[in-house]
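Undergrad:
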Amino acid sequence: MSPARSSAAPRVPPQSTRLGTEIRLAVEQVSYAYSANPSQAPLFTLEATSFQARPGEIVAILGPNASGKSTLLQLIAGVLNPLSGRILLNSSVIHSLSPRTRAQRIAMVQQESRLLFPARVWQFVLQGRHAHGGSLRFESKDDMQIAQNALMQVGAAELADRWMDQISGGEKQRVILARALAQQPLLLLLDEPTLHLDIAAQVGLLDALRRLCARNRYTVIVVTHELNLAAEYADQILLMQSGRCLRVGPPAAIYQRELLEQVFQVPLKVEMRGHGRPRVIILSDS
Amino acid sequence: MRPLTFRKLFFQCLFLLIILFFVVVVALKFGAVPVSLYALGRDLLRVLLGQSSQISSDYGLIIQNIRLPRIILGIIVGASLSVAGTSFQALLRNPLADPYVLGVSSGAALGAILSLIAEPHLALPPAFGALLTPLCAFVGAAITITAVYFLGRRQGQIDSNTLLLGGVITASFLSAVIVFLMSTVNSSNTRGMVFWLMGNLSTSFQKSIYWFLAAGFFIAAAVIYATANDLNILLSGEKEAMHLGVDVRRVRFVVYIAASLLTGLAVSVSGAVGYVGLIVPHVMRLIFGSDHRTLLPTAALGGAIAVVIADTLARIVVAPNELPVGAVTAVIGAPLFIYLLRRRLA
Numbered sequence: 002m003s004p005a006r007s008s009a010a011p012r013v014p015p016q017s018t019r020l021g022t023e024i025r026l027a028v029e030q031v032s033y034a035y036s037a038n039p040s041q042a043p044l045f046t047l048e049a050t051s052f053q054a055r056p057g058e059i060v061a062i063l064g065p066n067a068s069g070k071s072t073l074l075q076l077i078a079g080v081l082n083p084l085s086g087r088i089l090l091n092s093s094v095i096h097s098l099s100p101r102t103r104a105q106r107i108a109m110v111q112q113e114s115r116l117l118f119p120a121r122v123w124q125f126v127l128q129g130r131h132a133h134g135g136s137l138r139f140e141s142k143d144d145m146q147i148a149q150n151a152l153m154q155v156g157a158a159e160l161a162d163r164w165m166d167q168i169s170g171g172e173k174q175r176v177i178l179a180r181a182l183a184q185q186p187l188l189l190l191l192d193e194p195t196l197h198l199d200i201a202a203q204v205g206l207l208d209a210l211r212r213l214c215a216r217n218r219y220t221v222i223v224v225t226h227e228l229n230l231a232a233e234y235a236d237q238i239l240l241m242q243s244g245r246c247l248r249v250g251p252p253a254a255i256y257q258r259e260l261l262e263q264v265f266q267v268p269l270k271v272e273m274r275g276h277g278r279p280r281v282i283i284l285s286d287s
Numbered sequence: 002m003r004p005l006t007f008r009k010l011f012f013q014c015l016f017l018l019i020i021l022f023f024v025v026v027v028a029l030k031f032g033a034v035p036v037s038l039y040a041l042g043r044d045l046l047r048v049l050l051g052q053s054s055q056i057s058s059d060y061g062l063i064i065q066n067i068r069l070p071r072i073i074l075g076i077i078v079g080a081s082l083s084v085a086g087t088s089f090q091a092l093l094r095n096p097l098a099d100p101y102v103l104g105v106s107s108g109a110a111l112g113a114i115l116s117l118i119a120e121p122h123l124a125l126p127p128a129f130g131a132l133l134t135p136l137c138a139f140v141g142a143a144i145t146i147t148a149v150y151f152l153g154r155r156q157g158q159i160d161s162n163t164l165l166l167g168g169v170i171t172a173s174f175l176s177a178v179i180v181f182l183m184s185t186v187n188s189s190n191t192r193g194m195v196f197w198l199m200g201n202l203s204t205s206f207q208k209s210i211y212w213f214l215a216a217g218f219f220i221a222a223a224v225i226y227a228t229a230n231d232l233n234i235l236l237s238g239e240k241e242a243m244h245l246g247v248d249v250r251r252v253r254f255v256v257y258i259a260a261s262l263l264t265g266l267a268v269s270v271s272g273a274v275g276y277v278g279l280i281v282p283h284v285m286r287l288i289f290g291s292d293h294r295t296l297l298p299t300a301a302l303g304g305a306i307a308v309v310i311a312d313t314l315a316r317i318v319v320a321p322n323e324l325p326v327g328a329v330t331a332v333i334g335a336p337l338f339i340y341l342l343r344r345r346l347a
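Heads up: the sequence lines are chains B and H, in that order.
Take any residue in the first sequence, note its place counting from 1, add 1, and you have its number in my numbering.
Take any residue in the second sequence, note its place counting from 1, add 1, and you have its number in my numbering.
Shown next as C-alpha cells:
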C-alpha cells in the first residue's frame, strides 16, 4: 500500500518538464503466485504491488535475484496473468488485450534465444512490424522505412545487411532494441539489457534509451542489477526483495545506506552527487 | 535490405513447377511399354489443359490409367510430407524434425491399419468407408505428435535431443505394434507389412480418392500458409513470439492439427515414407532462405519433385522388380540426418 502512495504523491523530479502529467501505466495491487503443480504450495509469490508511470519516464526495478523483478515485468508485458489486481495501459486492462494489440503497445527487450536459422539484421528488426500487419503479407515500404529508422535511432544503421550471428554482443543488444522500437510501442520493457555488455556498450545503450525516451515519449520499465546505472538514468526506482515491493520513489529517496544494505546484503556507502543523483560504492568485508 | 515480394515468390514457384513438369515427363517414360519423351510431354500438356480426349495413341490408356495416377499420388504424398516436416521443424524449433523420425508417420500407419481391420465389421456406407482410413490415420498422427511433444519436454521447455530420442523410440514401438497386428490379424485388405513400414506408391485407388487427397492437401497447406509470418517469428523463440504479437497457443494448435492431417493423408495412401520432410525443407532453405512465406510453397513443390524422382528410381533400379519408395528416401535421408545431427552438435 505505502509504495503506491509514495509514488503518487507529488514530487519534483529533476526532469519535471520532460515528463507528461497523465498516467500512462498504472499497476494496481498486482499479485502473482507460481507453483510447478496446482496442488502444491506456490514456489514463489509476488505480493500486491502498485506503482504508476508517465510518458517519457524511466522506471528501474531493482532487487537481488529471486526478488520478483522479472515476474513483475512479465506481468506488465501481459504474458503472465496476475492472481489479483490489474494493470492499466492508457486505461485499458493489459490482460484483456489480444496478443496483436498488446504487441502494438508494449515492446520487450530481453535475452534472446539462439536463432535457429541465420537471419539478416534488417529481417530481424522487421519482426517488430509483425503486430502491425496481417499474418500472411509482404512488408510495405512503410515497414521498411520504420525498420530502417529504428536502426538509425539506436545508431546501428550500418549493420542492416549483416548476419545476426556475426555482430558483437553490444551491437546485438542495440538491434534487439531497434526491433522493439519498430513496434512503435507506448511502453518499452527491458529485462537486464546491459547484461554481458562492456562498460562503453552499457553507457551507449542507456544514453540511446534516455534520448529515445525523451523524444518518443516512451514509458520505460527496466529490470537491472546495476545500482549505479539505475541511479544515473532512472526517474523512479522500484526496490524489491523476496517477492515484495519495498519502496517506490526517485533515486535520491530510495538510495539510503541501511535500506540498500538490508536488501542486497553487502556493506556499502551512498554518496549524493551534485545533480541530485546518488552513487553507491560497494565495500568489501576485508 | 530487399524484402520478399509477391513477384519474387511467383518466379520461384514457377521455376519449381517447370522442373516438376519435366520430372513428370521423364518419370512417365519408364515402364514396360516404350514411349518417346516428346510424345509424353505433348500428351501431358494436353491432360493439363483438359484436352485428354485428343490423346489418340495406343499407349494413352497406359499413361492415363497406370503411370500418371501413381505419379499424381507421389506428388501429393511428397508435397504433404514436406509441408508437414517444415511445420514440425518450426513448431518444435528443431531442424531435424520430420514426420517419420518423430514417429508421427508410424502413428498414422497404425491408425490406418486399425481402421482397415475394423471396417468390415462396421457395415459403413461405402462413401464413408473410404474416408475412414485417412481419418483414422490423421487421429493416429495427432495422438503421436502430442505424445512425442510431451516426451520431449523437460522443465516446461522442449529439449531437442530428448524430443528426437522420444520420437525415434515411439516410432520403433509403433512399428513393433504394426508388425504384431499384421502377423496376427488375418485380413485381406490391410495391404502388406512392408507397405506400412517402408512406404510404397504402387497401390491404385478410385479417382475420387485422388480428388479427396488433393482437396485435403490444399486446405491443410493453406491453413499452415496463413500462419507463415507467425512461424517465422516462432523460430526466434516462443517467449519472443508472445511479445511480438503472435498468438502462440492458437498458432501451435492449428499448425499441429493441419500438419497431422497432412501426415495422415499421405500415410493412409502410401505408408510411412521417411525423411522427405527432412531433406526437402533443408535443400529449399539453402536455395531460397528460411522465410516460411517462400519455404512452405517451395518445400511443397520440392517434396513433389523429390518423391516422383525417388519413386521412379524405386521402379527402375532393380527392374523388373520394384523397391518400396521409402527404401530409396531412407537410403538418401538417413545419412543426411546423421550429417545434420553431427554438424549441429559440433
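Think of the CB as a built atom: it goes at the ideal place given N, C-alpha and C, for glycine as much as any other residue.
Terminal residues of the continuous alpha helix (DSSP H) containing Gly42(H)?
TA: From DSSP, the alpha helix (DSSP H) with Gly42(H) extends over 38–49.
Undergrad: Tell me the DSSP secondary structure of Ala305(H) in three-state form.
TA: Ala305(H) falls in the helix class under three-state DSSP.
Undergrad: Scan the region 186–237 of chain H and note each continuous alpha helix (DSSP H) run of 4 residues or more that stays entirely inside, going in chain order.
TA: Segments of the alpha helix (DSSP H) lying fully in the region 186–237 of chain H: 194–199, 208–226, 229–235.
Undergrad: With distances taken Cα to Cα, identify the nearest neighbour of Leu29(H) among Pro100(H), Lys208(H), Ile310(H), Phe254(H).
TA: When each option's Cα is compared against that of Leu29(H), the closest is Ile310(H).
Undergrad: Flag Ala151(B) as yes if its beta-carbon sits less than 9 Å from any beta-carbon of chain H, otherwise no.
TA: Output row for Ala151(B): interface = no.
Undergrad: At 8 Å on the CB atoms, spell out the chain H contacts of Gln185(B), in chain order.
TA: The premise fails here: Gln185(B) is roughly 12 Å from chain H at the closest Cβ pair, so nothing lies under 8 Å.
Undergrad: Between Ser88(H) and chain B, is there a C-beta pair that is closer than 9 Å?
TA: No, Ser88(H) does not count as interfacial toward chain B.
Undergrad: So that I know if they touch, is there some Cβ in chain B lying closer than 9 Å to that of Gly246(H)?
TA: With 9 Å as the cut-off, Gly246(H) counts as an interface residue toward chain B.
Undergrad: State yes or no: is the beta carbon of Val284(H) nearer than 9 Å to at least one beta carbon in chain B?
TA: Chain B contact via Cβ: absent.
Undergrad: Do the region 293–300 of chain H and the region 72–89 of chain H make contact, defined as three or more Cβ pairs closer than 8 Å?
TA: Counting Cβ pairs under 8 Å, three or more are found: they touch.
Undergrad: Could you spell out where the alpha helix (DSSP H) holding Thr6(H) opens and where it closes?
TA: Looking at the DSSP string, Thr6(H) is not in any alpha helix (DSSP H), and its letter there is neither H nor E.
Undergrad: Near Gly79(B), what residues of its chain come up, given a Cβ to Cβ distance below 7 Å and the 5 sequence neighbours on each side ignored?
TA: Here the set comprises Ile95, His96, Leu98, Arg103, Ile107.
Undergrad: Reducing DSSP to helix, strand and coil, say where Arg316(H) ends up.
TA: Reduced to three states, the DSSP call for Arg316(H) is helix.
Undergrad: Output the boundary residues of the beta strand (DSSP E) element that contains Asp143(B).
TA: Looking at the DSSP string, Asp143(B) is not in any beta strand (DSSP E); the run it does join, the alpha helix (DSSP H), is 142–154.
Undergrad: Based on Cα-Cα distance, which residue from Gln30(B), Val176(B), His276(B), Gly250(B) lies nearest to Asn150(B)?
TA: Comparing Cα-Cα distances from Asn150(B) to each of Gln30(B), Val176(B), His276(B), Gly250(B), the minimum goes to Val176(B).
Undergrad: DSSP on Val94(B), reduced to helix/strand/coil?
TA: Here Val94(B) sits in strand by DSSP.
Undergrad: Is the region 56–76 of chain B close to the region 216–229 of chain B, with three or more CB pairs under 8 Å?
TA: Because the criterion of three Cβ pairs below 8 Å is met, the region 56–76 of chain B and the region 216–229 of chain B touch.
Undergrad: Start and end of the alpha helix (DSSP H) containing Glu262(B)?
TA: Looking at the DSSP string, the run of the alpha helix (DSSP H) that includes Glu262(B) is 258–265.
Undergrad: Measuring alpha carbon to alpha carbon, tell me which of Gly304(H), Pro321(H), Ile258(H), Phe289(H) ends up nearest Val224(H).
TA: Of the listed residues, the one whose Cα sits closest to Val224(H) is Ile258(H).
Undergrad: I'd like to check one pair, Ala231(B) with Pro251(B): are the Cβ atoms closer than 9 Å?
TA: Not closer than 9 Å, so no.
Undergrad: Which of helix, strand or coil does DSSP assign to Phe89(H)?
TA: Three-state DSSP puts Phe89(H) in a helix.
Undergrad: Does Asn230(H) get closer than 9 Å to chain B when you measure Cβ to Cβ?
TA: True, the Cβ-Cβ gap to chain B drops below 9 Å.
Undergrad: Which residues share a DSSP beta bridge with Met241(B)?
TA: BP columns for Met241(B) point to Cys246(B).
Undergrad: So, does the CB of Asp143(B) fall closer than 9 Å to a CB anywhere in chain H?
TA: Output row for Asp143(B): interface = no.
Undergrad: Should Val155(B) be flagged as near chain H, meaning a C-beta pair shorter than 9 Å?
TA: For Val155(B), the answer is no, since every Cβ of chain H falls outside 9 Å of its Cβ.
Undergrad: At a CB distance below 9 Å, what residues from the region 78–103 of chain H approach chain B? Give them in sequence order.
TA: Cβ contacts with chain B come from Gln90, Ala91, Arg94, Asn95, Pro96.
Undergrad: Pro279(B) lies in the beta strand (DSSP E); which residues open and close that run?
TA: Taken as a continuous stretch (DSSP letters only), the beta strand (DSSP E) holding Pro279(B) covers 279–283.
Undergrad: Can you look up Ile88(B) in the DSSP assignment and give me helix, strand or coil?
TA: In this structure, Ile88(B) counts as strand in the three-state DSSP scheme.
Undergrad: Could you pull out every residue in the same chain whose Cβ sits closer than 7 Å to the Cβ of Ile20(H), ignoring the five residues on either side in sequence?
TA: Hits under 7 Å: Ile306.
Undergrad: For Asp192(B), does the count of other Cβ atoms within 10 angstroms reach 16, so buried, or fall short, so exposed?
TA: When all chains shown are included, Asp192(B) counts as buried.
Undergrad: Of the residues Leu89(B), Gly129(B), Ser85(B), Glu23(B), which one's Cα is nearest the Cα of Glu48(B)?
TA: Comparing Cα-Cα distances from Glu48(B) to each of Leu89(B), Gly129(B), Ser85(B), Glu23(B), the minimum goes to Ser85(B).
Undergrad: Which residue from Val178(H), Ile179(H), Val149(H), Leu182(H) puts its Cα closest to that of Leu166(H)?
TA: Ranking Val178(H), Ile179(H), Val149(H), Leu182(H) by Cα distance to Leu166(H) puts Val149(H) first.
Undergrad: What's the call for Glu140(B), buried or exposed, on a 16-neighbour Cβ count within 10 Å?
TA: Flag for Glu140(B) reads buried.
Undergrad: Using the DSSP secondary-structure output, state which residues sit across from Ile24(B) in a beta bridge.
TA: Its beta-bridge partners do not exist; DSSP assigns none.
Undergrad: Taking Gln257(B) as the reference, which of Arg245(B), Leu178(B), Glu272(B), Gly244(B) has the closest Cα?
TA: Considering only alpha carbons, the answer is Glu272(B).
Undergrad: Provide the residue(s) that pair with Lys270(B) in DSSP beta bridges, ordered along the chain.
TA: Ile282(B), per the DSSP bridge assignment.
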